[in-house]
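Asks: First the structure, then my questions, so here it is.
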Amino acid sequence: MTPDQTLAFETDCHLFHDCGYPAPSLFSFEFEPLFTLGPIEFNKPMLMALLGTVFVLGFFWAAFARAKVVPGKLQMVAEMGYDFVRRGIAREVIGKEGERYVPLLVSLFFLVWVLNIWAVVPFGQIPVTSMIGYPVALALLVWVIYMTLTFQRNGFVGGIRNLCVPSGLPRWIYFLLTPVEFLSNVFVRPFTLAVRLFGNMFAGHVLILVFTIATWYTLGSIVGTFYSVTSLTMTLILTGFELFIQALQAYVFTVLTATYIAGALEEAH
Amino acid sequence: MMMYLASDEPQNPLLPEWPEIVIGLFCIGVIYFIFRTRLLPTINKALEERREAIEGGMEKAEAAEAEAKQTLEEYRARLEEARHEAARLREEAREQGAALIAQMREEGQRQREEIIAAGHAQIEADRRQAAQSLRQDIGRLATELAGRLVGESLEDHARQSRVIDRFLDELDERARAAEVAK
Chain D
1 MTPDQTLAFE TDCHLFHDCG YPAPSLFSFE FEPLFTLGPI EFNKPMLMAL LGTVFVLGFF
61 WAAFARAKVV PGKLQMVAEM GYDFVRRGIA REVIGKEGER YVPLLVSLFF LVWVLNIWAV
121 VPFGQIPVTS MIGYPVALAL LVWVIYMTLT FQRNGFVGGI RNLCVPSGLP RWIYFLLTPV
181 EFLSNVFVRP FTLAVRLFGN MFAGHVLILV FTIATWYTLG SIVGTFYSVT SLTMTLILTG
241 FELFIQALQA YVFTVLTATY IAGALEEAH
Chain C
270 MMMYLASDEP QNPLLPEWPE IVIGLFCIGV IYFIFRTRLL PTINKALEER REAIEGGMEK
330 AEAAEAEAKQ TLEEYRARLE EARHEAARLR EEAREQGAAL IAQMREEGQR QREEIIAAGH
390 AQIEADRRQA AQSLRQDIGR LATELAGRLV GESLEDHARQ SRVIDRFLDE LDERARAAEV
450 AK
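Each protein sequence line maps, in turn, to chains D and C.
So in our numbering, spot 78 of the first sequence is number 78, and the numbers just go up one at a time.
One rule links them: number in our numbering = place in the second sequence (from 1) + 269.
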């Protein structure tokens with residue numbers, strides 16, 4: 001490990017030791033490659049992404065591969081998750097046609113959730129989705145599906161109209177609204193979809209780091225111990241909070257995807 | 270204090286690295302593929318079977334209920350029919366009875382009238398006969414009486430009245446004799 005990769009815990013830097021608080025930095029999101037495979041420097045989050053994928057598949061394989069009419073416990077839990085996405089998102093947002101997109105939405109929801117949950121898994125302890133590449137990959141996929149469906153369903157002109165002209169507004173406002181709507185649908189939506197997930201996970205990780213490092217940093221003197229205990233409590237509270245945010249962001253990502261699909265499937269006006 | 274080498278500036282966290290994108294796409298691709306082709310069809314089939322099993326039971330119960338309802342309906346219909354039939358029969362009997370009574374009354378009336386008519390006819394005939402025989406008798410008697418009167422001297426009033434008395438006595442006698450003869 002190179003000196004600049006040193007973890008805050010190993011710095012032996014404490015309060016009143018004439019050294020500043022080693023705040024978490026962007027380096028907290030940099031990882032040395034585990035190995036290099038051609039042009040790819042394979043690092044820890046990549047391994048975690050693959051492991052997360054394996055976990056999602058393993059869990060659902062165990063639950064669904066031999067699905068029974070009378071479910072076991074595992075199948076029951078998996079069914080709850082599946083039903084949540086199928087009913088609560090696909091059918092709720094898209095409607096009857098949503099059934100076709102259930103596999104996509106289920107995949108997105110559980111992959112994103114598991115990649116988020118890595119933040120609180122021991123030895124993982126970083127949300128894979130705080131690496132912008134992963135949210136970008138998923139948002140890119142969603143964007144391609146969104147655009148494809150829009151033009152497939154409405155034709156070229158209808159597709160453009162679907163993207164640019166929201167219906168049911170006074171005529172004069174379209175001069176203003178059409179470019180805004182176009183920008184929003186074609187550029188802003190995929191960007192925010194990726195950045196929302198990234199930002200939440202990134203910030204959550206930084207928050208937890210701040211209090212974890214502070215717990216270590218303030219330790220060592222009597223006064224510091226009080227600070228330390230407070231910081232530790234905050235770490236625990238924030239970890240619980242993050243657990244909630246992780247699920248919420250996975251849900252938001254999936255619901256937005258469903259919303260875009262529903263918008264694409266909407267008949268041109 | 271942490272030291273960072275100038276050459277080792279942290280990367281902009283908003284710039285994605287392409288291997289991450291590739292791996293991300295690979296992950297979602299694999300999950301989607303296996304979900305789409307293998308896992309979700311299986312679970313959907315199981316869910317469908319479960320739904321059918323539940324609905325099958327419910328359908329069976331519904332069928333039984335429908336059958337029970339139908340039987341009840343039929344039973345009620347029959348009861349109603351029987352009631353109607355009974356009422357109809359009763360009504361018919363009443364009507365028949367009334368008709369019979371009316372008929373009998375009519376018959377009685379007719380018979381009575383017949384009897385009365387017959388009585389009247391008889392009386393009339395008797396009367397006629399009596400009148401006829403009376404007329405004949407009177408004529409005869411008058412003739413007889415006239416003959417007697419003419420045969421006797423008519424000047425004597427006392428005799429005259431005697432003759433008449435005698436005649437009347439004779440008449441009485443004759444009637445009495447007729448009575449006795451009867």
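Where is the CB? At the ideal position from N, CA and C, for every residue including glycine.
These figures come from a predicted structure and were not determined experimentally.
Y251(D) and H14(D): beta carbons closer than 8 Å?
Replies: In this structure, H14(D) does not lie closer than 8 Å to Y251(D) by Cβ.
Asks: Under the DSSP definition of a beta bridge, which residues are partnered with I160(D)?
Replies: Paired residues: none, contrary to the question.
Asks: Rounded to whole angstroms, what is the Cα-Cα separation between A310(C) and M327(C)?
Replies: Note that residue 310(C) is Pro in the sequence shown, not Ala. Roughly 25 Å between the two C-alpha positions.
Asks: For a quick check, are the C-beta atoms of P24(D) and I237(D) less than 8 Å apart?
Replies: Their beta carbons are not under 8 Å apart, which means P24(D) does not touch I237(D) by this criterion.
Asks: Distance, Cα to Cα, T129(D) vs L74(D)?
Replies: Taking the straight line joining both Cα atoms gives about 27 Å.
Asks: Note the first and the last residue of the continuous beta strand (DSSP E) segment covering E41(D).
Replies: Start and end: 40-42.
Asks: Does the stretch 110-118 of chain D touch the stretch 217-229 of chain D, meaning 3 or more C-beta pairs lie closer than 8 Å?
Replies: Result no; under three Cβ-Cβ pairs closer than 8 Å.
Asks: Look up L37(D) in the DSSP assignment and say whether it is helix, strand or coil.
Replies: Correct three-state label for L37(D): strand.
Asks: Could you check whether G124(D) and M46(D) sit closer than 8 Å to each other, using their CB atoms as the reference points?
Replies: Their beta carbons are not under 8 Å apart, which means M46(D) does not touch G124(D) by this criterion.
Asks: What residues in the stretch 314-348 of chain C bring their beta carbon closer than 8 Å to a beta carbon of chain D?
Replies: Within the stretch 314-348 of chain C, the qualifying residues are K314, A315, L316, E318, R319, A322.
Asks: By the DSSP assignment, the alpha helix (DSSP H) with K96(D) in it spans what residues?
Replies: Element bounds for K96(D): n/a, residue is neither H nor E.
Asks: I'd like the span of the alpha helix (DSSP H) that includes A78(D), first residue to last.
Replies: Element bounds for A78(D): 73-85.
Asks: Along the chain, where does the alpha helix (DSSP H) containing P190(D) start, and where does it finish?
Replies: Note, P190(D): alpha helix (DSSP H), 189-217.
Asks: Kindly list the residues whose CB is nearer than 6 Å to the CB of I297(C), restricted to its own chain and excluding five residues on each side of it in sequence; keep chain order.
Replies: Nothing meets the Cβ criterion.
Asks: Can you tell me where the alpha helix (DSSP H) with Y21(D) in it begins and where it stops?
Replies: Y21(D) -> no alpha helix (DSSP H), and no H or E assigned at all.
Asks: Give the single residue among F64(D), I126(D), V69(D) whose Cα lies nearest to the Cα of R320(C).
Replies: Answer by Cα proximity: V69(D).
Asks: Rounded to whole angstroms, what's the CA-CA distance from A371(C) to E361(C)? Just pull it up for me.
Replies: The alpha-carbon atoms of A371(C) and E361(C) are separated by roughly 15 Å.
Asks: With H, G and I counted as helix, E and B as strand and the rest as coil, what does DSSP make of H353(C)?
Replies: DSSP places H353(C) in helix when its eight states are reduced to three.
Asks: With C-beta atoms as the reference, is L149(D) less than 8 Å away from I261(D)?
Replies: Their beta carbons are under 8 Å apart, which means L149(D) touches I261(D) by this criterion.
Asks: In whole angstroms, what is the alpha-carbon distance linking L256(D) and Q280(C)?
Replies: Roughly 29 Å separates the two Cα atoms.
Asks: State yes or no: is the C-beta of I132(D) within less than 8 Å of the C-beta of L283(C)?
Replies: Yes; because the gap between Cβ atoms is below 8 Å, this pair is in contact.
Asks: Mapping DSSP to helix, strand and coil, what is E286(C)?
Replies: Looking at E286(C) - three-state DSSP - the assignment turns out to be coil, as it is neither helix nor strand.
Asks: Could you say which of H17(D), E30(D), R161(D) lies nearest to F202(D) if we only look at CA atoms?
Replies: For F202(D), the nearest C-alpha among the options comes from E30(D).
Asks: Can you pull the chain C residues whose beta carbon is under 7 Å from the beta carbon of T53(D), in chain order?
Replies: Within 7 Å Cβ-Cβ: C296, V299, I300.
Asks: Would you check if there are 3 or more beta carbon pairs closer than 8 Å linking the stretch 139-153 of chain D to the stretch 175-195 of chain D?
Replies: Cβ pair count under 8 Å is three or more, so yes.
Asks: Specify the secondary structure class of I303(C) as computed by DSSP and reduced to three states.
Replies: If DSSP states are grouped into helix, strand and coil, I303(C) belongs with the helices.
Asks: Output, in sequence order along the chain, the residues in the stretch 355-389 of chain C whose CB is closer than 7 Å to any CB in chain D.
Replies: From the stretch 355-389 of chain C, no residue has a Cβ closer than 7 Å to chain D.
Asks: By the three-class DSSP mapping on this structure, what secondary structure does I312(C) have?
Replies: Of the three classes helix, strand and coil, the one that applies to I312(C) here is helix, per DSSP.
Asks: Which same chain residues end up closer than 8 Å to L232(D) when comparing Cβ atoms and leaving out the 5 residues on each side of it in sequence?
Replies: Closer than 8 Å at Cβ, skipping near neighbours: F211, T215.
Asks: Name the two residues that bound the continuous alpha helix (DSSP H) containing P170(D).
Replies: P170(D) -> no alpha helix (DSSP H), and no H or E assigned at all.
Asks: Mark R443(C) as exposed unless 16 or more other C-beta atoms lie within 10 angstroms of its C-beta, in which case mark it buried.
Replies: Exposed, since its Cβ has fewer than 16 Cβ neighbours within 10 Å.
Asks: Can you list the residues of chain C that F29(D) reaches, using a CB-CB cut of under 9 Å?
Replies: Result: P279, Q280, P282.
Asks: Between K68(D) and chain C, is the shortest Cβ-Cβ distance under 8 Å, so that the two count as touching?
Replies: So yes, K68(D) belongs to the interface.
Asks: Would you kindly work out how many angstroms separate the C-alpha atoms of Q380(C) and R417(C), rounded to a whole number?
Replies: For Q380(C) and R417(C), the distance between alpha carbons rounds to 53 Å.
Asks: Does the separation of the CB atoms of L265(D) and I94(D) fall below 8 Å?
Replies: Result yes, Cβ atoms of L265(D) and I94(D) sit closer than 8 Å.
Asks: Output the boundary residues of the alpha helix (DSSP H) element that contains P127(D).
Replies: That residue, P127(D), is in no alpha helix (DSSP H); it is neither H nor E in DSSP.
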